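A.B. asks:
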Amino acid sequence: MLLLLSVLSLSTALIEVENNAVEPEEETLAAIVEREPAINYNDEPFDDKFLIFTVASDDNDPYQRYRRSLRIFNMERYLKTLGLNEAWLGGNMESPGGGYKVNLLKAALAPYKDDMETIVMFTDSYDVIFVADKPEILDNFKSFDANFVISAESWLWPDTSLEDKYPVIEGKKYLCSGLMMGYAGTFYNILNYKVIDNRFDDQLFYTHVYLDKEFREANKIVLDGTSKIFHNLHGAVRELDYGFGNKRIANWEMGTMPQVIHGNGPTKIDLNRFGNYYPRVFNPSDGANGLCMICEEKEGRVNVTEMETAPLILTTLFITERTPFLDYFINQTFAQEYPQERWHLRIYNRVFSQADLVQELVNYHVTNNAKQKYASVKIYQPKALSLKSRMEIYDEAMGECVTLGCDWYFAMDSVITLTEKTVLTDLMYWNKSVITTQLTQPGQYWSNFWGDVNKDGFYKRAPDYFELVKRERQGLWNVPLVNNLVAIRGDVVRSGKLRYSGEKYEDSNYEVSFAANARAANVFMYMVNLKYHGHLKRMENYTDVNTHNDLWQIFINQVDWKLNYIHPSFDKYLQKKRYQFPQPCPDVFHFPLLSKKFSWHIIHELESIPGDVFAGSGQNNDARLAGGYENVPTVDVHFTQINFQQEWLKVLRDYVKPIQRLVFEGYAFHGNAYLSFVVKYHEAGQRKLVPHHDHSTFTTNTALNRQNIDYEGGGSYFIRQKCLVRDVDIGWTLMHPGRLTHYHEGKEITKGTRYILVSFNDP
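Mapping the sequence shown onto the working numbering, position 21 (from 1) lands on 22, and the numbers just tick up by one.
1. I'd like the list of long-range same chain contacts for Asn290, defined as Cβ closer than 7 Å, with 5 residues on each side in sequence excluded.
2. Residues in its own chain within less than 6 Å of Val589 by CB, not counting five upstream and five downstream?
3. Kindly indicate the opening and closing residues of the alpha helix (DSSP H) around Cys296.
4. What residues in its chain sit with their C-beta under 6 Å from that of Ser502, if we drop five residues either side in the sequence?
5. Alpha helix (DSSP H) containing His602: first to last residue?
6. Tell me which same chain residues have a C-beta within less than 6 Å of the C-beta of Phe330, skipping the five on either side of it?
7. Can you give the Cα-Cα distance for Cys724 and Ala685, rounded to whole angstroms?
8. Could you give the DSSP three-state label for Tyr656: helix, strand or coil?
9. The alpha helix (DSSP H) that contains Tyr1, what's its start and end?
10. Between the region 701-717 and the region 737-755, do three or more beta carbon pairs fall short of 8 Å?
11. In angstroms with no decimal places, state the Cα-to-Cα distance between Pro443 and Leu537.
12. Have a look at the DSSP bridge pairing and note the partners of Gln475.
13. Assuming Asn265 contacts Leu241 under a Cβ cut-off of 8 Å, what Cβ separation, rounded to an integer in Å, is found between them?
14. Report all residues from its chain with a CB closer than 6 Å to the CB of Ala147; omit the five preceding and five following residues, and keep chain order.
15. Among residues of its own chain, excluding the 5 on either side of Gly84, which ones have a beta-carbon nearer than 6 Å to its beta-carbon?
16. Report the partner residues of Met413 according to the DSSP bridge assignment.
17. Give the list of continuous beta strand (DSSP E) stretches no shorter than 3 residues that lie fully inside the region 41-88.
18. Where DSSP assigns a beta bridge to Arg707, which residues make up the other side?
19. Arg347 bridges to which residues according to DSSP?
20. Given that a residue counts as buried once 16 or more other Cβ atoms are within 10 Å of its Cβ, and exposed if not, what is Ala219?
21. Answer yes if the region 199-209 comes into contact with the region 170-180, meaning at least three C-beta pairs across the two stretches below 8 Å, and no otherwise.
22. Which value, in whole angstroms, describes the spacing of the CA atoms of Lys229 and Phe51?
23. Would you kindly report the start and end of the unbroken beta strand (DSSP E) that includes Ile720?
24. Does DSSP classify Ile33 as helix, strand or coil?
25. How many Å lie between Leu486 and Phe571 at the Cα?
26. Taking the CB atoms as reference points, tell me whether Phe450 and Val483 lie closer together than 7 Å.
27. Runs of 3 residues minimum, wholly inside the region 125-149: which ones carry the beta strand (DSSP E) assignment?
28. Over what stretch of residues does the alpha helix (DSSP H) that includes Leu362 continue unbroken?
29. Judging by CA-CA distance, which residue of Glu87, Ile603, Arg755, Tyr566 is the nearest neighbour of Val636?
30. Could you give the distance in angstroms between the alpha-carbon of Ile417 and the alpha-carbon of Asn370?
31. For Glu137, which residues from the same chain have a beta carbon less than 7 Å from its beta carbon, with the 5 sequence-adjacent residues on both sides left out?
32. On a CA-only basis, which of Tyr375, Asn558, Asn762 is nearest Thr441? Give me that one, please.
33. Just grab the DSSP bridge partners of Phe275 for me.
34. Pop quiz: Ile130 and Tyr67 are said to be a contact at Cβ under 8 Å. What is the actual Cβ separation, rounded to whole angstroms?
35. In chain order, what are the residue ranges of uninterrupted beta strand (DSSP E) at least 3 long that sit wholly in the region 168-240?
36. Decide if Ala185 is buried, meaning its Cβ has at least 16 other Cβ atoms within 10 Å, or exposed.
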């Protein structure tokens with residue numbers, strides 16, 4: 002094993018090779034890594050004695066990455082791509098094949114057959130990136146004192162019977178044909194070693210060349226066994242160190258700094274990860290969240306500024322399981338800022354119990370909305386989808402993009418919660434084949450992307466996954482799987498390369514199947530986490546036993562519960578001082594607590610219970626109480642009756658307690674409220690409440706409906722303070738001391754029905 006003993010002292014750095022000490026070169030590896038040359042590659046004169054050849058049939062994502070890596074070092078001008086936009090004739094690259102590349106090169110190098118001055122490099126393109134410049138590459142090539150250098154690896158392929166015929170060299174001894182370079186005349190001699198069919202294996206061809214000792218020595222052919230120029234990742238991923246702070250990859254095991262990285266064999270995802278940082282893609286050592294250099298590149302970005310030129314998009318919503326806060330999901334989708342005339346929407350709903358809600362929401366946004374101008378909106382309800390698998394539904398939905406001729410396709414699962422209105426345009430901006438924004442379960446590491454997959458295509462933790470999911474590194478990331486919110490460029494959809502269906506995975510693993518198909522088709526999937534767009538909900542144990550089941554989600558989906566049920570102005574009051582709180586009466590503090598949605602839902606929940614849930618209350622004898630007797634009875638429903646007590650206690654502890662500590666300094670709520678209930682005042686029932694003290698240290702009284710609209714009259718009158726409080730908006734709360742100081746009564750309503758939510762806190 003090769004080991005770099007020290008990189009801290011330039012004068013004493015030694016590299017040990019199999020325990021035999023070797024004197025360091027003039028400039029040690031440590032010194033090279035530590036330098037940061039300020040080079041303007043655009044000033045470098047053109048070298049007409051240097052060429053780079055590659056073979057690529059498709060102008061796809063990996064090929065574009067390859068070209069960018071050359072462009073960074075101003076080497077794209079040396080590139081000659083063979084076979085582009087032509088049929089691939091080299092067979093299936095998952096098995097031996099690729100002689101087509103040899104034959105293309107042979108024809109291309111014919112004009113250089115006698116040229117021993119021009120240096121020609123050949124590399125694969127889909128799984129290769131350059132990480133250094135031409136001068137460094139040429140310097141290292143010339144240091145071999147050879148006419149031709151071929152990359153090496155530790156795996157023998159495709160003919161393992163040839164193992165004993167390989168000569169022993171320093172480092173890896175088996176040839177890899179994906180990377181090589183040499184003088185043009187020598188290269189041409191090699192390509193004419195023998196005639197091969199397009200489907201003959203190219204690596205086996207070069208192996209025969211190399212193992213022919215006489216031919217090898219005559220043409221001065223060597224292998225780069227120590228990754229001096231080329232590094233093949235297969236079996237050697239861990240040899241490389243990212244060298245983040247120094248912006249350079251180094252092979253610390255070999256003591257070298259390769260300039261070209263090849264993700265051969267099963268290491269395509271590993272190469273993608275290196276490609277997320279190099280060359281000049283992302284530097285995690287620059288700034289609090291790293292520096293995304295590729296994010297600053299403006300070429301090819303999509304800016305939606307005018308309605309007439311806005312891309313035609315199709316947004317598809319998938320509801321495949323019972324979903325908490327489904328209305329918020331649909332509403333936030335319709336709230337996206339995008340020209341409606343250029344926007345098609347589809348909803349695929351497989352959940353019978355939520356079909357009415359889906360239809361109601363679409364009616365609100367579309368059918369009953371005279372101002373809507375959507376290009377088209379369609380709903381597919383459970384009955385129409387009952388015989389279709391999930392994969393079939395997703396493929397059918399994506400197929401509509403082809404039918405409509407859309408420029409962008411968005412697939413959104415109901416598990417997502419969007420909190421920004423620019424998600425569509427923000428994703429289109431990057432102009433990637435497939436892209437998502439990072440969405441994570443709040444407080445968890447579960448997200449809508451994977452950083453790595455195992456050999457079966459399922460989750461495997463990536464070395465940098467936690468840094469990405471915690472947003473410690475913010476940038477644009479090539480990942481092996483995206484899910485839940487997927488944006489696909491229209492030309493990629495129309496290419497037919499992407500599909501959800503496949504025989505390898507079960508229907509429940511639709512996203513794994515999609516990702517595997519994308520990877521096989523050389524379609525990159527990106528995740529961008531520069532901006533927070535929302536999060537993922539937890540879907541487990543969501544039931545339909547209640548009318549408004551979301552009310553019970555405060556423990557499971559706390560962030561969504563707050564978004565939906567806490568007053569939008571609540572957080573502002575956490576920043577106020579005591580004297581800044583409204584006091585309609587002395588020591589009666591007024592603040593926003595609950596949203597209108599909560600108020601409507603809790604009233605509807607209670608009134609939807611079969612029979613009259615309020616019936617039987619309002620009497621002194623009350624079996625719901627421990628003592629069986631109520632001194633000051635009200636027509637009410639206790640939260641213990643609907644199994645909502647623990648949920649409400651969490652509201653008190655999470656939201657009321659911080660306010661209480663601001664306004665009643667020196668006291669901390671203990672988190673107890675044995676009695677929390679909704680009171681119903683009705684002109685045909687209980688109309689008022691007699692004077693009384695509350696059995697509490699402090700009381701909260703929250704208005705649930707509208708004075709002068711839903712009811713008239715009413716209000717809380719504090720007798721000792723001679724102060725009447727009316728006109729309390731929905732969701733706003735009065736907080737006041739209970740026993741002793743704030744003797745009060747409920748004033749009579751004169752019309753309609755008044756609902757209030759009362760808690761006797763710390764009795």
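The C-beta atom is built at its ideal place from N, Cα and C for all residues, glycine as well. All values derive from a computational prediction rather than experimental measurement.
C.D. replies: Result, derived from the coordinates:
1. Arg472, Glu473, Arg474, Gln475
2. Leu735, His737
3. That residue, Cys296, is in no alpha helix (DSSP H); it is neither H nor E in DSSP.
4. Met392, Asp396
5. 597-608
6. Ser415
7. 27 Å
8. helix
9. This structure gives no information on residue 1, because the portion of the chain shown stretches from 2 to 764.
10. yes
11. 7 Å
12. Partner(s): none; Gln475 has no beta bridge.
13. No, Asn265 and Leu241 are not in contact; Cβ-Cβ is about 14 Å, not under 8 Å.
14. Lys221, Val223
15. Val56, Ser58, Leu105
16. Leu318, Leu486
17. 51-56, 80-83
18. Arg707 pairs with nothing; no bridge assigned.
19. Thr317, Lys379
20. exposed
21. yes
22. 19 Å
23. Run containing Ile720: none; DSSP gives neither H nor E here.
24. Residue confidence is low: Ile33 scores 38 on pLDDT, short of 50, so the model does not pin down where it sits. No coordinate-derived value is stated.
25. 30 Å
26. yes
27. 129-131
28. 356-363
29. Arg755
30. 25 Å
31. Gln260
32. Asn558
33. According to DSSP, Phe275 bridges with nothing at all.
34. 7 Å
35. 175-184, 222-225, 231-233
36. buried
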